[in-house]
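Engineer: Below is a structure I'd like to ask you about.
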Amino acid sequence: MKRLLFVDDEQMVLSGLRRALHDMHMAWDMTFVNSATAALEVLETAEYDAIVSDIRMPLIDGAQLLEQVKERYPAVMRFVLSGQSSRETVLRSIAPAHQFLSKPCDPEELKRRLKQAFAMRDLLLNESVKTLVSRLRSIPSLPALYDELTAELRGDDISLTRIAAIISRDVGMAAKILQLANSAFIGVRGQVSNVVQAISLIGTETVRTLVLSVHVFSHFDRSSDATVWLPPLWEHSVAVAALAQRIANCEHATKAIAEESFTAGLLHDVGKVVLLAEMGRNYRQLLENKDVSPNAIADLERELLGCTHAQVGAYLMSIWGLPAPLVHAVAFHHQPSEAGETVFSSLSAVHVADVFASENESSLLLHDVELDWIYLDQTDLRSRLSSWRELQLDPTEVEVKGESSERKNPVCG
Amino acid sequence: MMIALEYAIKLIENPDAFLSKIRYLYSHPKETSRDELEFRNGMVLDRYSSPVVDKSGRCYGRIWTFRDITDRKRAEDIFQQLSLAVEQSPVSVVITDPNGDISYVNRKFTECTGYSLDEVAGKNPRLLNSGRAAAETYEGLWKAIMQGQEWRGEFCNKKKNGELFWEAATITPIKNPKGEITHFLAIKEDITERRVLESQLRQAQKLEGIGQLAAGIAHEINTPTQFVTDNLTFLRDSWTSAYRLLELYRGIVRKRMDSLPADVVASIEAAERDCDLAFIATEVPTAIDQGLDGARRVGKIVRAMKEFSHPDSADKTATDMNRAIESTITVARNEWKYVADIALEFDSALPPVICYAGEINQVILNLLINAAHSIKERVKEGQKGRITVRTRSAGPFVEITIKDTGTGIPEDIRTRVFEPFFTTKEVGKGTGQGLALAHSVIVKKHHGRIWFETEVGQGTTFFIDLPTNPELYKENA
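Protein sequence lines correspond, in order, to chains H and L. My numbering puts the first residue of the first sequence at 1, with every later residue one more than the last. My numbering puts the first residue of the second sequence at 414, with every later residue one more than the last.
And the structure:
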């Protein structure tokens, strides 16, 4: 049973939601309160899984409420459901919220979003990890890329192409920009999996405000011990992204699937980035293990955290409202057979690209995965491996710093 | 003599020329000569020298005459300066006689209107009249200047090539010492560009106002829309399951009818008749679905209003043109629904266009309104025309066409429809800015193209090509 708390100063909205969500009453225990003060009182008495709050309310508004919830009950998933459309309010409430939904929101859509987030939450058994992930405002970026982006945004002539080239090379920025673009306020129908599309939907001027004034991005501490680990992990992520996109193209997947494969590849190890940033030395020591089977990482992570980096990443991506295929690819990139799919998808592309791109590495930071033969047989893709292996990447293509080179799509059978 | 000469030489601006002239004249005793001598202190003398000759032709010497012409020279210089100043002035200058017939126009006037002095001399400035200013303006003007007062105002005039332009004019009567009006002086400045900017600014402000209002109203409407939707969704689901239960009960009751007391059977039958269960069974779900549809439509209109005015963005954003056009059509519904049906032929795979969405929406709105007005002029009472809006992906461009079954554009004005202030609508109705604005938004701001095809009596089709990424297009161009 999940516990949900709905907050809105308009009693009629609460009654409406109570009725429209009534069919979930076997799975959800729902509480409805009409003020932020009442919400905080209720949170004292029981442990909740999610809060869905309006923004404009008297005394304490929704943004303040969610900020307090984040501080006091970080494990609670925070959703906004607002009829407010002024940009300023929306931007202010994005910071403490995981997802922003605008009124009128079809009850089915509300249910779908909540269910997706709950599904990934169930994979995380460890409370402290749940708390750690839910509390995150941003995933730290590579300092060099962060500097490159802020320099570009401070310039007079902001170029969408250049901004996109920087953000597409950074795990943290790419994930955050997709969270923002998939927030309802941007006003797209359907979901956004493509970083370039996400940036252009938000608009370069707004990206500038968000980055320079609202500080939606952050970066690793330059003096942190983690910094030596970052460049290889970033290069690996960009390489998997590029290779996954090529594999999708090679399979004559649609342009949308190919672009989704790129993003899924870029984000597949987002859980590792989070754990490197939040768990410090313990997690780094785990990754330093050499000469162990790549598959050992799952056991080692479970021993340390009670869950794997794939689950951590997938949970964060799901509460941020990223499209389900991306969340799936992040969640199952090690053991895709667990996803129960039988056809080629971005998950297939990311799994195989991850294996190919890490074969020659020695530490668990990168070499942590082997081909899932059960999955390849389920999906009938085993015979395609030799063609995919030929899609070798030129090392200059995975350069993380400096201008990204254009990705060529070789012809393949 | 020599002493006087020596003294004078020191004061002369150019003594060598003067001395050589003297020497020359004394060696050519029969010549007469005249010139002007300039002194260092600014004095100018008229010098005249003629030989003194008797009847037999014998020379006795020369007479030198010097006359002070300093004042006359100064007056001439000032006149020269003034006339050059007027001629080369950066504003148009027109001088007329008291009847209003033109006696002088300067170079700027010719540059601006295309008419030379020869073409307009003796004519009335009325020849510039575009017919777009109110008659009262001219009455007021004449009344003021005939009473000897200065008049200031703005006109919309027409150039020799037919182009319209706006000028700000100051007209002053010029009087002689007796106080009689001898001329009128008009000083005029071309303010077309300023007018265009002002009108665009007004438009933008209007849009911004609508945007702010829409955002405020949106919140007020979205809240009730949310609970109307929620309640109807609940009713729909509850009705379905409650009706399923009712059918179950009815089935059981019908089977057991025989074993029930007669009065119970009678009251069941009466109640079923009263509530017309068959009608309710079909109408309740329909009623709820239509209620939901209505709520969705309200939501759509609110969203369309917000999207049309785009209050949030002074910034280029990736825009789904199909959706933007749909929003614009929704907000402009009142303009077209009585005169035309709209057919949408949208390319569902249209790539997003990076653009100033608010401005593009305004362009689409202007074209829609023009189409509707043109149809209105043509169709008879009770009939409707058709506006077809099509989008198509064409390489690096998104092509938008808006086709109407209106009057078409007459041949003689086809080249002029994109000119600022050009309008076929009555004075005071159209601003003459719609298409000029469209042209500037599409071509200047988005590096796109706009053109039209038209046939009188058949209708007009406007075509817009927008580069999906104007930034790249600019770089490649």
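C-beta atoms are modelled at their ideal positions from N, C-alpha and C, and glycine is treated no differently. All values derive from a computational prediction rather than experimental measurement.
#1: Considering only C-alpha positions, which residue in the set L/Q562, L/G575, L/I558, L/C569 is nearest to L/R827?
#2: Report the residues of the stretch 105–118 of chain H with a CB closer than 9 Å to any CB of chain L, ordered along the chain.
#3: Please give me, in chain order, every unbroken run of the beta strand (DSSP E) with length at least 3 that falls completely inside the stretch 563–621 of chain L.
#4: Taking buried to mean at least 16 other C-beta atoms within 10 Å of its own C-beta, is L/Q846 buried or exposed?
#5: In whole angstroms, what separates the C-alpha of L/P503 from that of L/L577?
#6: Can you tell me whether H/E406 is buried or exposed, with buried defined as 16 or more other CB within 10 angstroms of its CB?
#7: Measure how close the beta-carbons of H/P104 and L/T642 come, nearest whole angstrom, since I'm counting them as under 8 Å.
#8: Which residues in the same chain have their Cβ closer than 6 Å to the Cβ of H/A415, if we skip the five residues on either side of it in sequence?
#9: Hey, quick one: how far does the alpha helix (DSSP H) through H/C307 stretch, first residue to last?
#10: Taking C-alpha atoms, which residue in L/K729, L/A731, L/F721 lies nearest to L/S740?
#11: Any idea what DSSP makes of H/G16, helix, strand or coil?
#12: Residues of chain L with CB under 9 Å from H/V13, in chain order?
#13: Are H/I167 and H/A174 close, meaning C-beta to C-beta below 8 Å?
#14: Within 8 Å of any Cβ in chain H, is that where the Cβ of L/K729 sits?
#15: Could you list the residues in the stretch 765–798 of chain L with a C-beta less than 9 Å from some C-beta on chain C, going in chain order?
#16: Is the Cβ of L/C647 closer than 8 Å to any Cβ of chain H?
#17: Please classify H/H219: does DSSP put it in a helix, a strand, or coil?
#18: Quick one, which residues of the stretch 13–43 of chain H are near chain L if we go by CB-CB under 9 Å, in chain order?
#19: Give me whichever residues DSSP pairs with L/C768 in a beta bridge.
#20: Within 8 Å (strictly less), CB to CB, does H/S218 reach chain L?
#21: Please classify H/R19 as buried or exposed, where buried requires at least 16 neighbouring CB atoms within 10 angstroms.
#22: Let's see if you can read the secondary structure: which residues bound the beta strand (DSSP E) around L/I476?
#23: Can you find at least 3 beta carbon pairs, one from the stretch 808–822 of chain L and one from the stretch 864–873 of chain L, that sit closer than 8 Å?
#24: In the structure shown, what three-state DSSP assignment does H/T379 receive?
#25: Is DSSP giving H/T227 helix, strand or coil here?
#26: Cβ atoms of L/F452 and L/L424: under 8 Å apart, would you say?
#27: Can you tell me the Cβ-Cβ gap for H/P74 and H/T131, rounded? I've got them flagged as a contact below 8 Å.
#28: May I ask you to list the residues that DSSP assigns as paired with L/R862?
#29: Alpha carbon to alpha carbon, what distance is there between L/I600 and L/E426?
#30: Residues of chain H with CB closer than 7 Å to the CB of L/D900, please, in chain order.
#31: Since L/G712 meets chain H, which of its residues come closer than 7 Å, beta carbon to beta carbon?
#32: Just the Cα atoms here: how many angstroms apart are L/V507 and L/M718?
#33: Does the Cβ-Cβ distance between H/V42 and H/T31 come in under 8 Å?
#34: By the 8 Å beta-carbon criterion, what residues does the stretch 155–171 of chain H contribute toward chain L?
#35: Candidates H/E44, H/E359, H/S35, H/S138: which alpha carbon is nearest H/Q64's?
#36: Going straight from the alpha carbon of H/A239 to that of L/D733, what length do you get?
Structural biologist: This is what the structure gives:
#1: If you compare the alpha carbons of L/Q562, L/G575, L/I558, L/C569 with that of L/R827, the shortest gap goes to L/G575.
#2: C105, D106, P107, E108
#3: 564–571, 577–588, 594–603
#4: buried
#5: 20 Å
#6: Residue placement at H/E406 cannot be trusted, given a pLDDT of 42 that sits under 50; what the coordinates show is reported in the next sentence. Flag for H/E406 reads exposed.
#7: Going by Cβ atoms, the distance from H/P104 to L/T642 rounds to 5 Å, so yes, they are a contact pair.
#8: The structure shown does not extend to residue 415 of chain H, since chain H is modelled only from 1 through 413, so no value can be given for it.
#9: Per DSSP, H/C307 belongs to no alpha helix (DSSP H) and is neither H nor E.
#10: L/F721
#11: Note: H/G16 maps to helix in three-state DSSP.
#12: T636, P637, Q639, F640, D643
#13: yes
#14: Interface residue, yes.
#15: Of the protein chains in this structure, namely H and L, none is chain C.
#16: Per the sequence presented here, residue 647 of chain L reads as Phe, with Cys not at that position. Yes, L/F647 lies at the interface with chain H (some Cβ there is under 8 Å from its Cβ).
#17: strand
#18: Residues are counted here when their Cβ sits less than 9 Å from a Cβ of chain L; for the stretch 13–43 of chain H these are V13, L14, S15, G16, L17, R18, R19, A20, L21, H22, D23, given in chain order.
#19: L/T730
#20: no
#21: buried
#22: 472–481
#23: yes
#24: coil
#25: In the displayed model, H/T227 falls within a helix according to three-state DSSP.
#26: yes
#27: 5 Å
#28: L/D878
#29: Each residue's Cα considered, the two are about 40 Å apart.
#30: Chain L is shown only over 414 to 890; residue 900 of chain L falls outside these bounds and no answer can be derived.
#31: P104
#32: 50 Å
#33: yes
#34: S159, L160, T161
#35: H/S35
#36: 31 Å
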